[in-house]
Amino acid sequence: MDLSFSPEEVAFRDEVRSFIRDHLAPETRAKLIEGREIGKQDIVDWQKALHARGWAVPHWPVEYGGQNWSPVQEYIFLDELQMAPAPSALPFNVSMVGPVIATFGSAEQKAKFLPGTANLDIWWCQGFSEPGAGSDLAGLKTTARREGDEYIINGQKTWTTLAQYADWIFVLARTNPAAAKKQEGISFILVDMKTPGVSVRPIQLIDGGHEVNEVWFDEVRVPAENLVGQENKGWDYAKFLLGNERMGIARIGTSKQRLKRIRELAKLERFGDTQLLDQPWFREKLTAVEIELKALEITQLRVVAEARKRGKHGTPDPNSSILKIKGSEIQQATTELMMDVVGPYVMPFGASLDDEDQTNEPPIGPDYAAAAAPTYFNWRKISIYGGSNEIQHSIIAKAILGF
Amino acid sequence: MDFDLTDDQRLLQDSIVKLMANRYGNFDLRQAYRKHPEGFDRAVWDEYAQSGLLALPFAEEYGGFGGGGVDTMLVMDQFGKSLAVEPYLASVVLAGAVLRHGAQPAMAAEFIPMIAGGEALFALACTERASRYDLHDVSTTARRDGADYLLEGEKSVVLAGDSADYIIVSARTAGGRRELAGISLFLIDAKAEGVSRRGYATQDGLRAAEISLASVRVPADRLIGTADAGLATLERAVDEGIAAICAEAVGAMEALNALTVDYMKTRKQFGVPISSFQALQFRSVDMLIAAEQAKSMAIFAALMAGEENPAERSRAMSSAKVQVARSARFVGQNATQLHGGIGMTMEYKGGHYFKRLTMLEGLFGDADHHLRRLAQAGSLLDAA
Ligand SMILES: Cc1cc2nc3c(=O)[nH]c(=O)nc-3n(C[C@H](O)[C@H](O)[C@H](O)COP(=O)(O)OP(=O)(O)OC[C@H]3O[C@@H](n4cnc5c(N)ncnc54)[C@H](O)[C@@H]3O)c2cc1C
Numbered sequence: 126m127d128l129s130f131s132p133e134e135v136a137f138r139d140e141v142r143s144f145i146r147d148h149l150a151p152e153t154r155a156k157l158i159e160g161r162e163i164g165k166q167d168i169v170d171w172q173k174a175l176h177a178r179g180w181a182v183p184h185w186p187v188e189y190g191g192q193n194w195s196p197v198q199e200y201i202f203l204d205e206l207q208m209a210p211a212p213s214a215l216p217f218n219v220s221m222v223g224p225v226i227a228t229f230g231s232a233e234q235k236a237k238f239l240p241g242t243a244n245l246d247i248w249w250c251q252g253f254s255e256p257g258a259g260s261d262l263a264g265l266k267t268t269a270r271r272e273g274d275e276y277i278i279n280g281q282k283t284w285t286t287l288a289q290y291a292d293w294i295f296v297l298a299r300t301n302p303a304a305a306k307k308q309e310g311i312s313f314i315l316v317d318m319k320t321p322g323v324s325v326r327p328i329q330l331i332d333g334g335h336e337v338n339e340v341w342f343d344e345v346r347v348p349a350e351n352l353v354g355q356e357n358k359g360w361d362y363a364k365f366l367l368g369n370e371r372m373g374i375a376r377i378g379t380s381k382q383r384l385k386r387i388r389e390l391a392k393l394e395r396f397g398d399t400q401l402l403d404q405p406w407f408r409e410k411l412t413a414v415e416i417e418l419k420a421l422e423i424t425q426l427r428v429v430a431e432a433r434k435r436g437k438h439g440t441p442d443p444n445s446s447i448l449k450i451k452g453s454e455i456q457q458a459t460t461e462l463m464m465d466v467v468g469p470y471v472m473p474f475g476a477s478l479d480d481e482d483q484t485n486e487p488p489i490g491p492d493y494a495a496a497a498a499p500t501y502f503n504w505r506k507i508s509i510y511g512g513s514n515e516i517q518h519s520i521i522a523k524a525i526l527g528f
Numbered sequence: 087m088d089f090d091l092t093d094d095q096r097l098l099q100d101s102i103v104k105l106m107a108n109r110y111g112n113f114d115l116r117q118a119y120r121k122h123p124e125g126f127d128r129a130v131w132d133e134y135a136q137s138g139l140l141a142l143p144f145a146e147e148y149g150g151f152g153g154g155g156v157d158t159m160l161v162m163d164q165f166g167k168s169l170a171v172e173p174y175l176a177s178v179v180l181a182g183a184v185l186r187h188g189a190q191p192a193m194a195a196e197f198i199p200m201i202a203g204g205e206a207l208f209a210l211a212c213t214e215r216a217s218r219y220d221l222h223d224v225s226t227t228a229r230r231d232g233a234d235y236l237l238e239g240e241k242s243v244v245l246a247g248d249s250a251d252y253i254i255v256s257a258r259t260a261g262g263r264r265e266l267a268g269i270s271l272f273l274i275d276a277k278a279e280g281v282s283r284r285g286y287a288t289q290d291g292l293r294a295a296e297i298s299l300a301s302v303r304v305p306a307d308r309l310i311g312t313a314d315a316g317l318a319t320l321e322r323a324v325d326e327g328i329a330a331i332c333a334e335a336v337g338a339m340e341a342l343n344a345l346t347v348d349y350m351k352t353r354k355q356f357g358v359p360i361s362s363f364q365a366l367q368f369r370s371v372d373m374l375i376a377a378e379q380a381k382s383m384a385i386f387a388a389l390m391a392g393e394e395n396p397a398e399r400s401r402a403m404s405s406a407k408v409q410v411a412r413s414a415r416f417v418g419q420n421a422t423q424l425h426g427g428i429g430m431t432m433e434y435k436g437g438h439y440f441k442r443l444t445m446l447e448g449l450f451g452d453a454d455h456h457l458r459r460l461a462q463a464g465s466l467l468d469a470a
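Chains as they are written, first to last, in this note's numbering: chain S, 126 to 528; chain C, 87 to 470.
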């Protein structure tokens with residue numbers, strides 16, 4: 126056994142590192158470090174830079190821009206991005222709809238969508254969840270009824286992340302309400318957000334930010350050629366899609382970067398006559414999270430090594446549920462530590478976060494304080510979306526323990 | 087041993103329950119109150135005044151009702167359940183306690199009736215940029231200048247500090263930054279020359295202010311109690327504040343638990359209410375246990391709020407604060423989790439409980455702070 130990377134892998138890591146150093150806009154990086162909101166342009170610019178280097182969609186089939194990397198390389202790449210920290214390429218494009226189109230789409234769809242999806246000329250959003258269909262996604266009610274060479278879509282999606290930026294949405298809709306099993310009558314359809322009848326309504330989250338939306342469909346007419354794969358087979362594609370996002374799910378690099386920053390800020394933070402980092406109780410709390418993270422990193426490497434053995438297109442590894450659960454807990458723990466760092470300055474509500482309180486005044490207290498509580502509140506989402514932690518427990522219970 | 091309320095306490099509880107149902111029965115009302123320039127609606131405050139709530143803890147000679155820790159607990163519990171936004175904690179509980187315990191008779195007679203009658207708002211400025219949760223960490227200075235004092239310094243995160251008419255400020259009249267002796271308390275006019283305030287919303291939708299004092303001239307008769315010996319009064323007031331917010335947090339936890347349980351019984355996934363999943367039932371049970379443990383400690387804090395022995399009192403408050411902070415975090419996080427996405431939205435009341443609970447966790451010292459303080463003070467089980 127050996128935990129270290131091969132010389133080639135180390136060389137690859139250095140290459141990724143220097144690419145990020147040379148190409149990531151300092152302002153984008155600063156926003157990520159400080160927990161400020163990154164805008165559409167930050168993400169677009171970065172993904173285009175990645176794509177120019179051939180790295181926006183490394184895990185796609187080579188013919189559509191993939192790199193045929195080993196799972197270890199994929200892991201190193203994501204870890205470096207997260208540690209930098211750099212934005213990830215837009216997951217709706219690169220991890221979700223892109224691979225689905227590349228695998229199940231028609232030749233026309235591939236030609237029409239894949240280049241723009243990889244280069245983020247098309248911004249996609251994910252229209253899966255509905256008010257009545259969250260964990261039970263197959264309970265979705267949005268319908269697509271076939272009329273001539275069109276589908277007519279009616280219904281409501283919700284929690285649609287960054288729909289306000291999106292050009293297109295990929296939608297799961299019911300095409301056969303009479304199907305015996307609710308999973309069987311669902312289709313995967315691509316919808317231009319500019320189509321008449323599509324409307325987007327913002328949802329404000331508890332931290333005051335606007336990242337999710339409701340997307341309403343009222344008699345939305347979509348050309349039948351926008352169906353991906355076969356009618357009523359959408360559930361299979363959705364499962365394929367959801368199984369695709371396993372590598373970066375634990376966001377270990379993100380937590381590493383945050384813990385490093387917390388350590389630095391704890392040096393700046395005065396605590397009595399010392400610095401906060403001199404306090405044994407604080408060091409112990411911080412160290413305890415570092416240990417959890419180290420363990421998870423090695424667990425992640427074990428999953429990666431397993432994936433290398435199984436080949437890339439094996440069935441989803443139920444161990445990725447372990448990564449999701451622990452990864453979310455650790456990310457959330459870093460937000461708690463950050464609140465410990467700022468102490469009483471956790472309270473002021475940063476001006477830019479709420480329409481009503483918008484001002485251009487300087488921050489109250491240390492500049493790193495403003496994001497502490499909002500990030501803590503916002504990151505509760507990590508254990509809710511992408512299959513809640515309870516659902517992940519169920520997966521492990523069934524798939525690993527055989528209950 | 088007796089955990090029952092007296093008849094008077096029951097009347098008090100009934101009246102505040104009624105008042106809050108009327109003023110806060112609909113969550114939109116609360117969000118509308120926040121939009122007032124001061125962050126709350128004066129009409130609600132006036133109703134508190136008329137119903138005697140603002141006079142509750144004060145002696146009868148000042149127009150008060152002579153209420154104790156349990157009375158305050160009953161009020162704060164309902165405020166917690168309602169997510170009340172008025173500056174009761176700042177004005178009545180904190181500033182009120184400083185004046186009750188520290189003010190000389192003439193000062194008490196002049197100012198306490200103003201609080202009790204709701205004629206003026208008071209705030210307590212005892213946190214600074216570098217103080218974190220240590221009340222004795224005071225850099226603001228008060229220098230004698232003829233018959234007056236000149237105050238110089240910055241106060242941070244002063245609860246309701248932007249709407250206050252009077253601000254009680256801890257300042258150093260002697261000693262180094264972290265010395266226990268040498269701290270004095272002053273009652274200053276918020277509009278006095280040299281006082282500048284920057285008000286802002288807090289994460290939980292309430293208000294606070296950064297206050298800077300630039301050569302603020304304060305007459306010597308606005309020194310509260312004796313010079314250099316203000317810390318004991320300050321600590322006592324904050325101890326009462328801790329007891330009060332423990333009760334508020336318990337109110338919020340109970341309401342949030344109830345909201346969560348209701349939601350779970352109506353939210354269906356996989357064709358059944360999510361309350362039918364045992365994993366979620368057990369989590370809810372743990373949330374209930376957390377709230378009950380917190381409630382026990384809030385009662386303990388309320389009963390110890392009037393304790394004269396500062397060491398005993400402070401041990402009680404620290405222990406209560408640790409338990410309540412931990413329970414608050416557990417309940418807040420899990421309530422959000424059990425709601426799924428809906429719990430994350432600004433529109434839904436649940437997230438506002440979570441935010442208020444999170445701020446209460448830190449207020450007057452987070453769990454780590456009080457755990458350390460208590461661990462240094464010796465075993466809680468040795469307490470009398
Ligand atoms: C910030 C954010 C962004 C999102 N972005 C998107 C997006 O872009 N596109 C999209 O389609 N969706 C998105 N989602 C939706 C997300 O996938 C859902 O929130 C998630 O699937 C949970 O569904 P729900 O919110 O309806 O909660 P529910 O499914 O109602 O769950 C409520 C609670 O019940 C638990 N529960 C449910 N079923 C079970 C069970 N069988 N056993 C045990 N416990 C159970 C859950 O774990 C949870 O604690 C986003 C959500 C959030 C919060």
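A virtual CB, placed ideally from N, CA and C, is assigned to each residue, including glycine.
- Contact of Trp406(S) with chain C by beta-carbon distance below 9 angstroms involves Asp454, Leu457 and Arg458.
- Relative to the non-hydrogen atoms of ligand 1, the Cβ of Thr285(S) comes within a distance shorter than 7 angstroms of at least one.
- Among the residues facing chain C, Asp261(S) is included, as its CB has a counterpart in that chain under 8 angstroms away.
- For Trp341(S), the enclosing beta strand (DSSP E) starts and ends at Val337 to Pro348.
- Apart from the 5 residues on each side of it in sequence, Lys165(S) sits with its Cβ closer than 7 angstroms to the Cβ of Tyr290 in its chain, given in chain order.
- For ligand 1, a non-hydrogen atom lies closer than 7 angstroms to the CB of Arg353(C).
- If the five residues before and after Ala391(C) are omitted, its C-beta is found closer than 6 angstroms to the C-beta atoms of Gly155, Glu326 and Ala329, all from its own chain and listed in chain order.
- In this structure, the straight-line span from the alpha carbon of Trp293(S) to that of Thr226(C) is close to 57 angstroms.
- Within the segment 464-476 of chain S, the residues whose Cβ lies closer than 8 angstroms to any Cβ of chain C are, in chain order, Met464, Asp465, Gly468, Pro469, Tyr470, Val471, Met472, Pro473, Phe474 and Ala476.
- In this structure, DSSP gives Ile423(S) a helical state, which the three-state scheme calls helix.
- The alpha carbon of Thr259(C) has as its nearest neighbour, out of Ala463(C), Lys277(C) and Leu237(C), the alpha carbon of Leu237(C).
- Counting along the chain, the unbroken alpha helix (DSSP H) around Leu317(C) starts and ends at Leu317 to Thr352.
- Residue pairing from DSSP places Phe295(S) in a beta bridge opposite Gln251(S) and Leu315(S).
- Placement of the Cβ of Cys332(C) at a distance of 7 angstroms or more from every heavy atom of ligand 1 is found.
- With a threshold of 7 angstroms, the Cβ atom of Val371(C) does not count as near ligand 1, since no heavy atom of the ligand is closer than that.
- The DSSP assignment places no complete run of the beta strand (DSSP E) inside the segment 361-419 of chain C (cut-off: 3 residues).
- Counted as a single uninterrupted DSSP element, the alpha helix (DSSP H) harbouring Gln172(S) occupies residues Lys165 to Ala177.
- Inter-segment contact for the segment 485-495 of chain S and the segment 400-413 of chain S is absent: fewer than three beta-carbon pairs are separated by less than 8 angstroms.
- Beta-bridge annotation (DSSP): Arg293(C) is paired with Ala287(C).
- For Arg458(C), the secondary structure class from DSSP, reduced to helix, strand or coil, is helix.
- For Asp398(S), the chain C residues whose C-beta falls within less than 8 angstroms of its own C-beta are Arg264, listed in chain order.
- With 16 or more neighbouring CB atoms inside 10 Å of its own CB, Lys167(C) falls in the buried class.
- Judged by DSSP in its simplified three-state form, Glu146(C) adopts helix.
- Straight-line spacing of the CA atoms in Arg383(S) and Ser217(C) works out to 25 angstroms.
- Proximity of the beta carbon of Gly160(S) to ligand 1 is not indicated: no heavy atom of the ligand is located closer than 7 angstroms.
- Per DSSP, Ser242(C) has no beta-bridge partner at all.
- Using a Cβ-Cβ cut-off of 8 angstroms, Lys364(S) is close to nothing in chain C; its nearest Cβ partner there is about 16 angstroms away.
- In the three-state reduction of the DSSP assignment, Ile201(S) falls in the helix class, which pools H, G and I.
- Per the coordinates, the alpha-carbon of Thr352(C) lies some 39 angstroms from the alpha-carbon of Leu457(C).
- In chain order, Trp171, Ala174, Ala209 and Ala211 place their CB closer than 8 angstroms to the CB of Leu149(S), counting only its own chain and leaving out the 5 sequence neighbours on each side.
- In the DSSP assignment, Ser324(S) falls within the unbroken beta strand (DSSP E) covering Val323 to Ile328.
- By the C-beta density criterion, Met126(S) is exposed, having fewer than 16 other C-beta atoms within 10 angstroms.
- Between Gly285(C) and Ala295(C), the gap from beta carbon to beta carbon is short of 8 angstroms.
- Straight through space, the alpha carbons of Thr268(S) and Thr300(S) are spaced by roughly 6 angstroms.
- When the beta-carbon positions are compared, Leu426(S) and Leu203(S) stay at least 8 angstroms from each other.
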